[in-house]
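Asks:
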């Protein structure tokens, strides 16, 4: 993977700058370019922390890594799709097994009850959003002549998952169990094709099914999540998943309904109801949320009960107080028409939301409207705010900010 | 021979043409070639935020993996600036998630440059022919002393950050921050002038 000459030159110049190989004039010229290019300016700042040799070494290393990636036969989206196919396959199998159906059923081609023949729409959060539903994967694999047979895909899933440690969905363990016999694998795929074909017909034909069902799994390990809550958005109608992560909700459905699935320590996930289909909902783990759970004991704790455990921090500028004061000092301007001779104090009260958004910015003390406006401008254009925290949990709160204008 | 020719051609494609190719073919090599043009910049950005080599190297690879999926979800005008946003967001997000695991982020928070504006359009002072503009000079006059001095030394006397920091006896970081804030105030001042002129 060779670089264009100008990219090579750009890198050389950057490293010459950070390693101190330029004189003042040249530095200034480069710094002027950096002023126009925040990307390179950031990079220059980063590289100034390491030596030119270290930088060369690291870049060579990264280039090698990148080339290895590039030469993989399977492109990354396809790899993801393939691993997803694995998960879907597993869930089909798990579902069938859990339903108490006999194994022979899986192997038979025709005698499958119509109810079981549904496509599995898949909803997953963030990381694998792009992954296609089952039939798309099938098509994708047909386009790629790299795959000669269906068996190839399954083996690829198992091998790749092990080698590359794709963490979004770890299919390896289950896949091993499932993939013990080759015939079984073959028939599974045949089954999926069948399901695809018949399921789509069925979905088109049906109008108002009465039951919503599906399975909630964890993206991290592909295992079902028992006790997750699944609710129809905007209603109190819902269900908890059983020990196998399976849920059923009685409802007259139409496709405009949304399901909300949540589980402690996982990101909440919304998905559109797909009528008359088994839904597979995969939740991503949410490490942040888990950290924020603070166990105080039984009951709710009042401030008077446990004075010590009540830990309050007010809303603060995200830059820290000193930098914020500095910002105010640097950027304040006496409004037009006022004389910059006397010291002026404006006191602002505002609300800082849980996500740091500012609202209800009002001046409770100000000599005149222009100063109020200037103070509000300073706040609005200034750094972001961190919300107040009570025992580590973000809260909406009001805060007073004193802005001093010094001539 | 033929292979070599075609490869050379590919090498010289513009970013956007390469991106288009990747979208059409899904060939990860195309994206890899494109990424390799700016990989060192991405690595530098990661270093800036993580301040650590190993973590930054891992991040460069993760960002590439992210690109492979994200590229199809976005309408990208200029790949380079889009990549910058993706890289920076990646670093910030991973710092933020670390913060809630107990570590405090002090590094970026106290860095005044962290909030510098990255507007796409160029600042008037960065255009060389703009330096003699009378309105710009008026606005420079109105700046606070430190900001004015830094701007003068940097843009009119062609002094580098290091020299300015020695001349004015202040930290190099401070120099950058005065320049940044000075430029911001200049822009506000110039815009105000434009408005009043337009009203006339």
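Chains as they are written, first to last, in this note's numbering: chain A, 1234 to 1640; chain B, 23 to 222. From the three backbone atoms N, C-alpha and C, an ideal C-beta is built for every residue, glycine too. Owing to the predicted nature of the structure, the values given are computational and were not obtained by experimental measurement.
(1) CA-CA distance, residue 1300 (chain A) and residue 83 (chain B)?
(2) Are the C-beta atoms of residue 58 (chain B) and some chain A residue less than 8 Å apart?
(3) Compute the beta-carbon to beta-carbon distance between residue 1451 (chain A) and residue 1516 (chain A), rounded to the nearest angstrom, for a pair I have assumed lies under 8 Å.
(4) With DSSP run on the structure shown, which of helix, strand or coil describes residue 1243 (chain A)?
(5) Mind checking which residues open and close the alpha helix (DSSP H) that includes residue 1572 (chain A)?
(6) So, is residue 1583 (chain A) buried or exposed, given that buried needs 16 or more other C-beta atoms within 10 angstroms?
(7) Under a three-way DSSP split, which group does residue 1546 (chain A) fall into?
(8) I'd like the ranges of any alpha helix (DSSP H) spanning at least 4 consecutive residues and lying wholly in the stretch 1256-1303 of chain A.
(9) For residue 1448 (chain A), count neighbouring C-beta atoms within 10 Å of its own C-beta (all shown protein chains included) and say buried if the count is 16 or more, exposed if not.
(10) Can the beta-carbon of residue 1272 (chain A) be found less than 8 Å from the beta-carbon of residue 103 (chain B)?
(11) State the CB to CB distance for the pair residue 86 (chain B) and residue 41 (chain B), rounded to an integer number of angstroms; the pair is presumed to be in contact (CB under 8 Å).
(12) For a quick check, are the C-beta atoms of residue 109 (chain B) and residue 53 (chain B) less than 8 Å apart?
(13) What does residue 1570 (chain A) touch in chain B if you count any residue whose Cβ is under 7 Å from its own?
(14) Taking buried to mean at least 16 other C-beta atoms within 10 Å of its own C-beta, is residue 1467 (chain A) buried or exposed?
(15) My assumption, with CB atoms under 8 Å, is that residue 1612 (chain A) sits in contact with residue 1634 (chain A). Please give the rounded CB distance.
(16) Run through DSSP, which three-state label would residue 1608 (chain A) get?
(17) Based on the DSSP output, what are the partners of residue 98 (chain B) in its beta bridges?
(18) Am I right that residue 1480 (chain A) and residue 1446 (chain A) are in contact with their C-beta atoms under 8 Å? What's the rounded C-beta distance?
(19) Could you name the residues of the same chain whose beta carbon sits closer than 8 Å to that of residue 145 (chain B), not counting the 5 residues immediately before and after it, in chain order?
(20) Starting from residue 1249 (chain A), find everything on chain B with Cβ-Cβ shorter than 8 Å and list it in chain order.
(21) Grab me the residues of residue 72 (chain B)'s own chain with a C-beta within less than 6 Å of its C-beta, minus the 5 sequence neighbours each way, in chain order.
(22) Does the pairing of the stretch 177-187 of chain B with the stretch 1255-1266 of chain A give three or more beta-carbon distances under 8 Å?
(23) Just by C-beta distance, which residues in the stretch 169-187 of chain B are closer than 8 Å to chain A?
(24) I want to verify the contact list: residues of chain B whose CB lies under 7 Å from the CB of residue 1499 (chain A), in sequence order.
(25) In this structure, does DSSP put residue 1237 (chain A) in helix, strand or coil?
(26) Grouping DSSP H, G and I as helix and E and B as strand, with all else coil, what is residue 111 (chain B)?
(27) State the DSSP-derived secondary structure class of residue 1500 (chain A), mapped to helix, strand or coil.
(28) Does the stretch 1618-1638 of chain A touch the stretch 213-220 of chain B, meaning 3 or more C-beta pairs lie closer than 8 Å?
(29) What in chain A is Cβ-close to residue 212 (chain B), meaning under 8 Å?
(30) Do the stretch 162-173 of chain B and the stretch 1242-1249 of chain A meet, that is, are 3 or more Cβ pairs less than 8 Å apart?
(31) Give me the residue from A:1556, A:1551, A:1562, A:1565 with the minimum Cα distance to residue 1585 (chain A).
(32) Near residue 193 (chain B), which residues of its chain fall below 7 Å by C-beta distance, leaving aside the five closest residues on each side in sequence?
(33) With a cut-off of 8 Å on the beta carbons, I'd call residue 1580 (chain A) and residue 1598 (chain A) a contact; round off their distance for me.
Replies: So, to answer that:
(1) 11 Å
(2) yes
(3) 6 Å
(4) helix
(5) Counting along the chain, residue 1572 (chain A) falls outside any alpha helix (DSSP H), and DSSP gives it neither H nor E.
(6) buried
(7) strand
(8) 1257-1269, 1271-1280
(9) buried
(10) Yes, they are a contact pair.
(11) That pair is no contact at about 14 Å.
(12) No, the Cβ-Cβ distance between residue 109 (chain B) and residue 53 (chain B) is not below 8 Å.
(13) Residues of chain B passing the Cβ test: none, with the nearest at roughly 13 Å.
(14) exposed
(15) 7 Å
(16) helix
(17) According to DSSP, residue 98 (chain B) bridges with nothing at all.
(18) Indeed they touch by this definition, with Cβ atoms about 6 Å apart.
(19) Same-chain partners within the cutoff: 205, 208, 209.
(20) Correct list: empty, because the minimum Cβ distance to chain B is about 13 Å.
(21) 78
(22) With the cut-off at 8 Å, the stretch 177-187 of chain B and the stretch 1255-1266 of chain A touch.
(23) 169, 176, 177, 180, 181, 182, 183, 184, 185
(24) Simply none; closest approach about 15 Å.
(25) coil
(26) helix
(27) Residue 1500 (chain A): coil per DSSP, three-state reduction.
(28) no
(29) Simply none; closest approach about 13 Å.
(30) These segments do not touch.
(31) A:1551
(32) 187
(33) About 4 Å separates the beta carbon of residue 1580 (chain A) from that of residue 1598 (chain A), a gap short enough to meet the 8 Å contact definition.
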